[in-house]
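In this note's numbering, the protein residues as written are 3 to 157. Take a look at the structure set out below.
Next comes the structure, spelled out in structure tokens:
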């Protein structure tokens, strides 16, 4: 992109669950999403003097209705599990049951709308407005600034 000297935009997908608010029961997911957020912020600064922009997308504001929980369907035989999964795979319906039927979902089309608006508006943080997310981010940052130990997020 840099070699061509044209305008461009890199969008990396993170998640509010890990990229903004750490979820204690998802250590690998939270760590990877925090890394995506940090990497994108570094890239944003590195590209500041160029015609290329970088943004980080936090899909949502709720769980996005995709097939992410069945990603193993794309795994080649070389990366197949050596043994059956002990815990049943997570599904949107299973999550809904865990939350007593009160699981709100966001459709992929809504995420696409936020993405297009963010890129055309030259936004770094492409993050749909959501009071619950805002409160969690605010609580986490206030804890950092007060040098307090982190509290588990409220779900």
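Backbone N, C-alpha and C define an ideal beta-carbon position, used for all residues, glycine too.
Identify whether residue i lies in helix, strand or coil by the three-state DSSP scheme.
i           : result
residue 15  : strand
residue 24  : coil
residue 108 : strand
residue 155 : coil
residue 93  : coil
Could you give the C-beta distance for residue i and residue j, rounded to a whole number, given that I count them as a contact under 8 Å?
i           : j           : result
residue 17  : residue 60  : 6 Å
residue 105 : residue 44  : That belief does not hold up - the Cβ atoms of residue 105 and residue 44 are roughly 34 Å apart, past 8 Å.
residue 128 : residue 24  : So it is not a contact: roughly 20 Å between Cβ atoms.
residue 62  : residue 110 : About 11 Å separates the two Cβ atoms, so there is no contact after all.
So who's on the other strand from residue i, going by DSSP bridges?
i           : result
residue 127 : 58
residue 10  : 54
residue 65  : 107
Based on Cα-Cα distance, which residue from the options lies nearest to residue i?
i           : options         : result
residue 36  : 21, 7, 28       : 21
residue 156 : 7, 9, 26, 8     : 26
residue 108 : 69, 138, 54, 53 : 69
residue 118 : 11, 49, 138     : 11
Between the segment 36 to 50 and the segment 100 to 115, can you find at least three pairs of beta-carbon atoms closer than 8 Å?
No: the two stretches stay apart, fewer than three of their Cβ pairs being nearer than 8 Å.
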